[in-house]
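Scroll down for the structure; my scribbles are underneath it.
In the numbering used here, the protein residues as written are 1 to 173.
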């Protein structure tokens, strides 16, 4: 691989530091969670982020000469039939909320960083990492929705129509 730009190296160095902490947190959450479904999502995120570490290490290795690819998310983890607790605890709810927020933050960081990265392989990988974090974020959202603890305020039809009419007139459509 060609020498990567210093900006790419600096951003990945920062990402690797964040991944170290996030992986430790995910392990702790897996031990604390009682919901089998939540444990599976946490395990999936752990595996996915471990692959992100692998890829970044390959990208910064000056002796790695081939294009680096990100592994697809292994959704089969969600299908595994694990034994364990099947109930939902209060801890499960806050763990899922915090892991959801962490996934959203990681997706945002990866995408924003990709916009600043100069090496095409590094940039492409980070865009794919952002999309994987979005997928994980959505899995946590679905889990929280099934618990009935998710709340998204919705605009009324009147407010949407007022906004629509305003911008329709602004753009003379």
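Ideal placement from N, C-alpha and C gives every residue a C-beta, glycine not left out.
Among the options, which residue has its Cα nearest to the Cα of residue i?
| i | options | result |
| --- | --- | --- |
| residue 104 | 118, 129, 122 and 91 | 129 |
| residue 20 | 47, 4 and 8 | 47 |
| residue 108 | 151, 160, 144 and 134 | 134 |
| residue 147 | 59, 88, 173 and 95 | 88 |
| residue 101 | 117, 51, 127 and 144 | 144 |
| residue 27 | 57, 99 and 119 | 99 |
| residue 96 | 2, 15, 140 and 25 | 140 |
| residue 34 | 92, 22 and 17 | 92 |
| residue 53 | 23, 142 and 112 | 23 |
| residue 50 | 164, 78, 162 and 73 | 73 |
| residue 66 | 166, 157, 120 and 131 | 120 |
| residue 206 | 168, 106 and 124 | Missing from the structure shown is residue 206; the chain here goes from 1 to 173 and no further. |
| residue 61 | 2, 37, 79 and 25 | 2 |
| residue 79 | 63, 36, 64 and 115 | 36 |
| residue 77 | 172, 42, 94 and 116 | 42 |
Just verifying my parser: in three-state terms, what is the DSSP assignment at residue i?
| i | result |
| --- | --- |
| residue 85 | The predicted model places residue 85 with a pLDDT of 48, which falls under 50 and marks its position as unreliable, so this point remains unresolved. |
| residue 46 | helix |
| residue 141 | helix |
| residue 154 | coil |
| residue 95 | helix |
| residue 53 | helix |
| residue 38 | helix |
| residue 124 | helix |
| residue 149 | coil |
| residue 64 | coil |
| residue 102 | helix |
Grab the span of the alpha helix (DSSP H) containing residue i for me, first residue to last.
| i | result |
| --- | --- |
| residue 9 | 6–32 |
| residue 117 | Here residue 117 belongs to no alpha helix (DSSP H), and DSSP marks it neither H nor E. |
| residue 167 | 157–170 |
With a Cβ-Cβ cutoff of 7 Å, do residue i and residue j count as a contact?
| i | j | result |
| --- | --- | --- |
| residue 70 | residue 55 | yes |
| residue 30 | residue 40 | no |
| residue 8 | residue 170 | no |
| residue 5 | residue 90 | no |
| residue 59 | residue 68 | yes |
| residue 16 | residue 113 | no |
Quick test of your reading: residue i and residue j, contact by CB under 8 Å. State the CB separation rounded to the nearest angstrom.
| i | j | result |
| --- | --- | --- |
| residue 127 | residue 111 | 7 Å |
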